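Protein chains in written order, with this note's numbering: chain C, 1 to 197; chain P, 198 to 394.
Number of protein chains: 2
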Amino acid sequence: MQVNSRRTQAERNAATRTALLAAARCAFADKGFAAAGTEDIAAAAGASRGALYHHFADKTALLDAVVAEIAVEISVAVEAEADAATSPLAALKRGAHAFLREALRPDRRRVYLIDAPAALGWSRWRAIDAASGMGGLRAGVAAAHPRADAEAVTVLISGALNEAALLLAEHSHGADLAARVEAAIDALIDGLFEAER
Amino acid sequence: MQVNSRRTQAERNAATRTALLAAARCAFADKGFAAAGTEDIAAAAGASRGALYHHFADKTALLDAVVAEIAVEISVAVEAEADAATSPLAALKRGAHAFLREALRPDRRRVYLIDAPAALGWSRWRAIDAASGMGGLRAGVAAAHPRADAEAVTVLISGALNEAALLLAEHSHGADLAARVEAAIDALIDGLFEAER
DNA sequence: CATGATACATACTGTATGTTTGTTTTTGTA
DNA sequence: TACAAAAACAAACATACAGTATGTATCATG
């Protein structure tokens, strides 16, 4: 089909890069980072392993890019939800619910919540979503409770949400559990910021 | 040195098995699960790869055993601390602090909190510490707040504690942060169970 | 239009896992 | 006690995958 012929180099570059990213994201979500082979990823992207290693330093650099992509997607959805709230406390709750919905998606949860910390290292993983997603959470915490220890509280909420998303992912059948978890999250947030109301 | 000669088979079995477990635990903690080679592990245990694969089905089975070991260790320490408390709420707080201290240790945190969910799968990881560690947390939650949704609340607290341990592990210099995180955890627990006091 | 740079493709190498086959030692039994 | 069966281990083999090095085609540029 020669989709890459008669194009400027920037276009070719972007085209194969995005194709590789999409294929990698699919493979990582489907089989996990370790079990996904670069051969299959390149083939699914309609490219060769050489192209892959031209665009990315190694396999973990590819994961890094995929994770950053996911982090931004989640962040955008969460921010949109939080901005629609009237109070800082409501913004936190709505944002938390949105995070659950977004992080739960099968094309995201394993890559973002499980494989990323292991393959990239926890500190790198943390830096990625501090640059996109969790920055918003931290700001929300500070807004809802100016005297709180924003760093510590943010980490606790973030960890609780991550674990909740993984639990819900396992029990995909049962909106009942989802509702109970959301209620518990509201109770957690309310409790943390009750002194400030 | 022929430490394994002139012994009963059960003794030989136990000796090499524990040696393999110890070596694997050290290697996993030091280099991570993926980067630790079975060759090095077997050598450190004074055995061959053949022995390793005689005792464990594959590399992940070895990790599984190490993780289970760690889970029990943490559970014992947490239970001891919780049992020394006078009220259910105090038991939760003391148990949480103990969990932080125990899970934080360099020979545990990476294996237990990072590599285990990725390599064993989240559900298997959850099953392991539900059988040992988290069973106690859930009982503590139920004791402190009989009307609470024990499953949901337990997951949130567990996730918050895991993430807090990883944060503290990164900033090992600074007992200041540790104190702030512990205070935030107390606030979280107090807030969650305030309605019950 | 010629030269260089960029984007890719192919072939190769090293390493690590898991398997298979073989050897030694123990254990049950005739 | 002799022998057979099974366990515990050792070593060689096969396979697969990541990363690299080299080669080629396409585009940019003076």
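Positions of the beta carbon are idealized from the N, C-alpha and C atoms, including for glycine.
These figures come from a predicted structure and were not determined experimentally.
Short-range partners of chain C found in the region 304-327 of chain P, where Cβ spacing is below 7 Å: I311, D312, P314, A315, W319, S320
When the distance is taken between beta carbons, is A300/P closer than 7 Å to I325/P? For the purposes of this step, residue 325/P is taken as residue 128 along the second sequence, with counting starting at 1. For the purposes of this step, residue 300/P is taken as residue 103 along the second sequence, with counting starting at 1. Contact flag unset, no.
If I measure Cβ to Cβ from M331/P and keep anything under 7 Å in the same chain, skipping five residues before and after, which residues do I get? As a first step, residue 331/P is located in the second sequence; it is residue number 134 there, counting from the start. Same-chain partners within the cutoff: T351, S355.
Give the residues of chain P in contact with L167/C, contact being defined as C-beta atoms less than 7 Å apart. Translated into the one-based positions of the first sequence, residue 167/C becomes position 167. Residues of chain P passing the Cβ test: V352.
Check the Cβ-Cβ distances between S245/P and every residue of chain C, and say whether any is below 7 Å. Within the second sequence, numbered from 1, the residue matching residue 245/P stands at position 48. No - not a single Cβ of chain C is within 7 Å of the one on S245/P.
Count the other CB atoms within 10 Å of the CB of G140/C; is the residue buried (16 or more) or exposed (fewer)? Your numbering for residue 140/C matches position 140 in the first sequence. So G140/C counts as buried.
Compare the C-beta of E11/C with all C-beta atoms of chain P and state if any pair is closer than 7 Å. Counted from its first residue, the first sequence places residue 11/C at position 11. Not one chain P Cβ lies under 7 Å of E11/C.
Residues in the same chain with beta-carbon distance under 8 Å from V111/C, minus the five sequence neighbours each way, listed in chain order, please. By one-based count along the first sequence, residue 111/C stands at place 111. R25, F28, A29, F33, L63, V66, V67, I70.
Hey, how far is the Cα of A169/C from the Cα of E208/P? Your numbering for residue 169/C matches position 169 in the first sequence. Your numbering for residue 208/P matches position 11 in the second sequence. Straight-line Cα distance between these residues: approximately 44 Å.
Buried or exposed: S329/P, going by 16 or more other Cβ atoms within 10 Å of its Cβ? In the second sequence, residue 329/P corresponds to position 132, counting from 1. Burial call: buried.
So what does DSSP say about F56/C, is it helix, strand or coil? Looking up residue 56/C in the first sequence gives position 56. Here F56/C sits in coil by DSSP.
Please decide whether E39/C counts as near chain P, where near means a Cβ-Cβ distance under 7 Å. Sequence index remark: in the first sequence, residue 39/C carries index 39 (1-based). Judged by the 7 Å Cβ criterion, E39/C is not in contact with chain P.
Option nearest A165/C by Cα separation, candidates R335/P, S320/P, H368/P: Counting from 1 along the first sequence, the entry for residue 165/C is found at position 165. The candidate whose alpha carbon is nearest that of A165/C is S320/P.
Using the Cβ count rule (16 or more neighbours within 10 Å means buried), how would you classify G95/C? Here residue 95/C corresponds to residue number 95 of the first sequence, with the count starting at 1. Flag for G95/C reads buried.
Please name the residue, chosen from K31/C, L52/C, A14/C, that lies closest to D107/C on a Cα-to-Cα basis. Position 107 of the first sequence, counting from 1, holds the residue named residue 107/C. The shortest C-alpha separation from D107/C is found at K31/C.
Quick test of your reading: A258/P and T213/P, contact by CB under 8 Å. State the CB separation rounded to the nearest angstrom. Working through the second sequence from its first residue, we reach residue 258/P at position 61. Working through the second sequence from its first residue, we reach residue 213/P at position 16. That pair is no contact at about 15 Å.
Helix, strand or coil at F230/P [DSSP, three-state]: Position 33 of the second sequence, counted from the start, is the residue given in the question as residue 230/P. Three-state DSSP puts F230/P in coil, outside helix and strand.
Looking at the unbroken alpha helix (DSSP H) that takes in L100/C, where does it start and where does it end? Here residue 100/C refers to the residue found at position 100 when the first sequence is read from its first residue. Per DSSP, L100/C belongs to the alpha helix (DSSP H) from 88-104.
Please report the straight-line C-alpha distance between A82/C and L100/C, rounded to a whole angstrom. If you number the first sequence from 1, residue 82/C lands on position 82. If you number the first sequence from 1, residue 100/C lands on position 100. Roughly 13 Å between the two C-alpha positions.
What residue ranges within the region 305-382 of chain P form continuous alpha helix (DSSP H) runs of no fewer than 4 residues, ordered along the chain? 313-317, 319-328, 330-341, 347-367
Look at the alpha carbon of L374/P and the alpha carbon of H294/P, and state the distance between them as a whole number of angstroms. The count along the second sequence starts at 1 and reaches residue 374/P at position 177. The count along the second sequence starts at 1 and reaches residue 294/P at position 97. Straight-line Cα distance between these residues: approximately 13 Å.
Outcome for D58/C when other beta-carbon atoms lying within 10 angstroms are tallied against a minimum of 16: In the first sequence, residue 58/C corresponds to position 58, counting from 1. Exposed, since its Cβ has fewer than 16 Cβ neighbours within 10 Å.
In three-state terms, what does DSSP make of R246/P? If you number the second sequence from 1, residue 246/P lands on position 49. Correct three-state label for R246/P: helix.
R7/C by DSSP, collapsed to three states: which one? Locating residue 7/C in the first sequence gives position 7, where the first residue counts as 1. Coil at R7/C, not helix or strand.
Positions along the region 174-191 of chain C whose CB lies within less than 9 Å of some CB in chain P: L177, R180, V181, E182, A183, A184, I185, A187, L188, I189, D190, G191
With a threshold of 7 Å between beta-carbons, can E367/P be considered close to chain C, or not? On the second sequence, position 170 is the one that residue 367/P refers to. Yes, contact with chain C.
Does the CB of A433/P have a neighbour CB from chain C at under 7 Å? Outside the modelled stretch of chain P, which goes from 198 to 394, sits residue 433/P, for which no answer is possible.
Cβ closer than 8 Å: which chain C residues qualify as neighbours of E395/P? Examination of residue 395/P is not possible in this model, given that chain P is present from 198 through 394 alone.
If D383/P and A118/C are in contact, beta carbons under 8 Å, what's the gap, nearest whole angstrom? As a first step, residue 383/P must be located in the second sequence, where it is residue number 186. As a first step, residue 118/C must be located in the first sequence, where it is residue number 118. Wrong, their Cβ atoms sit about 30 Å apart, outside the cutoff.
Could you compute how far the alpha carbon of G37/C sits from the alpha carbon of D346/P? Here residue 37/C is taken as the residue at index 37 of the first sequence, counted from 1. Here residue 346/P is taken as the residue at index 149 of the second sequence, counted from 1. Going by the C-alpha atoms only, they are around 42 Å apart.
C-alpha gap between P285/P and E276/P, whole angstroms: Locating residue 285/P in the second sequence gives position 88, counting from the first residue. Locating residue 276/P in the second sequence gives position 79, counting from the first residue. Going from the Cα of P285/P to the Cα of E276/P covers about 12 Å.
From A232/P, F253/P, V269/P, T215/P, pick the residue whose C-alpha is nearest to that of G243/P; which is it? Working through the second sequence from its first residue, we reach residue 243/P at position 46. Selected option, being the one with the closest Cα: T215/P.
Among H145/C, V72/C, A42/C, which residue has its Cα nearest to the Cα of W125/C? Locating residue 125/C in the first sequence gives position 125, where the first residue counts as 1. Nearest C-alpha to W125/C: V72/C.
Between G191/C and E391/P, which are expected to be in contact by the criterion C-beta below 8 Å, what is the C-beta distance as a whole number of angstroms? Position 191 of the first sequence, counted from the first residue, corresponds to residue 191/C. Position 194 of the second sequence, counted from the first residue, corresponds to residue 391/P. About 6 Å separates the two Cβ atoms, so the contact holds.
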